[in-house]
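Undergrad: Note that my numbering has the sequence shown beginning at 2, numbered continuously upward.
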Amino acid sequence: MLENGFPIADAIDFLGHVDGELDARSMNKQLQNGTPLHDVLLKHRFDANACMQIYFAGRHGEMVAALKEAGAYLLKKHEDALAFWKLIRYPLILAAALFIATAFVRNVLLPQFEHMYVAMDYKPSRNLRLFLTIMEQAPHVILVSSIFLFLFFTLFFLYFKRKKPLMQAAWLSRLPVSRFYYTSYYSQFLAREWSFMLKSGFSVYEILHVMESQNFKPLWRDTAKYLREKLLAGETFSRALASVPFIEPQLVILVRHGEKNGRLDQELYYYSQISLKRMEEKIQSLFGLIQPVVFIFIGFFLVAIYLSIMLPMFQMIDAV
Numbered sequence: 002m003l004e005n006g007f008p009i010a011d012a013i014d015f016l017g018h019v020d021g022e023l024d025a026r027s028m029n030k031q032l033q034n035g036t037p038l039h040d041v042l043l044k045h046r047f048d049a050n051a052c053m054q055i056y057f058a059g060r061h062g063e064m065v066a067a068l069k070e071a072g073a074y075l076l077k078k079h080e081d082a083l084a085f086w087k088l089i090r091y092p093l094i095l096a097a098a099l100f101i102a103t104a105f106v107r108n109v110l111l112p113q114f115e116h117m118y119v120a121m122d123y124k125p126s127r128n129l130r131l132f133l134t135i136m137e138q139a140p141h142v143i144l145v146s147s148i149f150l151f152l153f154f155t156l157f158f159l160y161f162k163r164k165k166p167l168m169q170a171a172w173l174s175r176l177p178v179s180r181f182y183y184t185s186y187y188s189q190f191l192a193r194e195w196s197f198m199l200k201s202g203f204s205v206y207e208i209l210h211v212m213e214s215q216n217f218k219p220l221w222r223d224t225a226k227y228l229r230e231k232l233l234a235g236e237t238f239s240r241a242l243a244s245v246p247f248i249e250p251q252l253v254i255l256v257r258h259g260e261k262n263g264r265l266d267q268e269l270y271y272y273s274q275i276s277l278k279r280m281e282e283k284i285q286s287l288f289g290l291i292q293p294v295v296f297i298f299i300g301f302f303l304v305a306i307y308l309s310i311m312l313p314m315f316q317m318i319d320a321v
C-alpha cells in the first residue's frame, strides 16, 4: 500500500478493518502524537525483531523494503512454527499413549505376574527381575527427572536473564544446539540493515550511534557501544567485529574485503541473502531429523513394554 502512495495511517486503518484484533484507532492516535512506528508496533506486541527492522528503516529510509522483509520474516516464523507443530503432534500423541501403556503395565500387569510367581512358587531369573524392576521404576524416574529438569532450567533461565546481553550472546554462540542458528540469524540481520544504511550514506560511526540510541533491543545497544569503543581505541571495523561473539567469521572476512574495495554495502546485502537462505535450509534439515529421532525413542519404549509382558510369560512356560 505504501508503494502505491497510501500514507501509513490509511494502511493501518485498512488493516484494522481486515483484522478485527488490530487496534488501528489506538495505533493511529499514537502515530499522530509523534510516537515512532516501531514503538507503536512494539506496544501492540509485535515481534521485537520485526520492530527492529522498522526502527532501522526509519533511519535509512527503506521503509517499504523493511516492511516487506519484516512481513516475510513473520510469515516464515509462523510457517516454521506450524511445521514444527506438525512434526511433533503425532509423536506427542504416541508419547501420551506410551505413558498410559507404561502405567497400565506397572500398575496392572506386573502385580499380576508377581501374584502368579508366588502362587506357582516360581523364582524369575536375575536378568528378568532386573528388567521388571526397571520397568516398574521407570515412571517414577521419568517423573522425578522431568521435575528436576524443569526446576533446573527455570533457575538457569532466571540466572541467565540477569547476565548482560553480550554475555548471553557469547554463551548462546558457543552452545552446540543454538550456535549455528543464533550466529546466522543475527549476522544476516546486521548485514542487511548495515547495507541499507551504508547505501543511504551513513558512516560506520553513525550506524553504531543509531543502534546505540534504541532501548528495546539491549543486545544491539551494547554491541554498538562495544564496537564504538573498539573503533575509538584505533582498531579497524573488521577487527572490532571479529571480537563480537555472535558474528560469523564469514561476515568478518566480507567486511574486511569490503573495506578494501569500497563496495561494502552491496557485499553485506548479498551476504545477508545467502546467509538467510543457508539458515532456512538448515532449519528444514533439522525438522526432517526431529521426527525420526522421536519415533526411534518411542519405538524403544514400545519394545520394552512388549518385552515386559512377554518375557515373564515365556519364562513361566519354560519353567512348566
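Beta carbons: idealized from backbone N, C-alpha and C, even for Gly. Predicted model, so just to flag it, every value in this text is computed and none were measured.
Quick check on G289: buried or exposed, where buried means 16 or more other Cβ atoms within 10 Å of its Cβ?
TA: So G289 counts as exposed.
Undergrad: Would you call the stretch 38 to 58 and the stretch 238 to 258 in contact, with 3 or more CB pairs under 8 angstroms?
TA: No, the stretch 38 to 58 is not in contact with the stretch 238 to 258.
Undergrad: With the cut-off set at 8 angstroms, would you say S185 and S276 are in Cβ contact?
TA: Result yes, Cβ atoms of S185 and S276 sit closer than 8 angstroms.
Undergrad: Over the uninterrupted alpha helix (DSSP H) stretch that includes F203, give me the two end residues.
TA: Neither: F203 is in no alpha helix (DSSP H) and is coded neither H nor E.
Undergrad: Give the DSSP-derived three-state secondary structure of I299 in the structure shown.
TA: Residue state, collapsed to three classes: helix.
Undergrad: From L152 to L144, what distance separates their C-alpha atoms?
TA: Approximately 12 angstroms between the Cα atoms of the pair.
Undergrad: Does the beta-carbon distance from L209 to A225 come in below 8 angstroms?
TA: Taking 8 angstroms as the Cβ cut-off, L209 and A225 qualify as a contacting pair.
Undergrad: Count the CB pairs spanning the stretch 293 to 304 and the stretch 97 to 109 that are closer than 8 angstroms, and state whether there are at least three.
TA: A contact exists between the stretch 293 to 304 and the stretch 97 to 109.
Undergrad: By Cβ distance below 6 angstroms, which residues in the same chain neighbour Y271 in space, the five residues on each side in sequence not counted?
TA: There are no such residues.
Undergrad: In chain order, what are the residue ranges of uninterrupted alpha helix (DSSP H) at least 4 long that sit wholly in the stretch 212 to 247?
TA: Those alpha helix (DSSP H) runs which fall completely within the stretch 212 to 247 and span 4+ residues are 219 to 233 and 238 to 243.
Undergrad: Got a sec, what are the start and stop residues for the alpha helix (DSSP H) S174 sits in?
TA: From DSSP, the alpha helix (DSSP H) with S174 extends over P166 to R175.
Undergrad: In angstroms, rounded to a whole number, what distance separates the CA positions of A96 and V295?
TA: Distance between the alpha carbons of A96 and V295 is about 9 angstroms.
Undergrad: On the criterion of 16 or more Cβ atoms from any shown chain inside 10 Å, does A67 qualify as buried, or is it exposed?
TA: Buried, because 16 or more other Cβ atoms sit within 10 Å of the Cβ of A67.
Undergrad: Do you know how far the Cα of K218 is from the Cα of F238?
TA: Their backbone Cα atoms lie some 22 angstroms apart in a straight line.
Undergrad: Let me know the secondary structure DSSP gives V178 once reduced to three states.
TA: V178 falls in the coil class under three-state DSSP.
Undergrad: Give the C-beta separation of P92 and Q292 to the nearest angstrom, bearing in mind that I take them to be a contact with Cβ-Cβ under 8 angstroms.
TA: That belief holds up - the Cβ atoms of P92 and Q292 are roughly 7 angstroms apart, short of 8 angstroms.
Undergrad: Rank L75, K77 and V142 by C-alpha distance to the C-alpha of R107 and give the top, closest one.
TA: Ranking the options by Cα distance to R107, first place goes to V142.
Undergrad: In three-state DSSP terms, what is P37?
TA: It is coil, neither helix nor strand.
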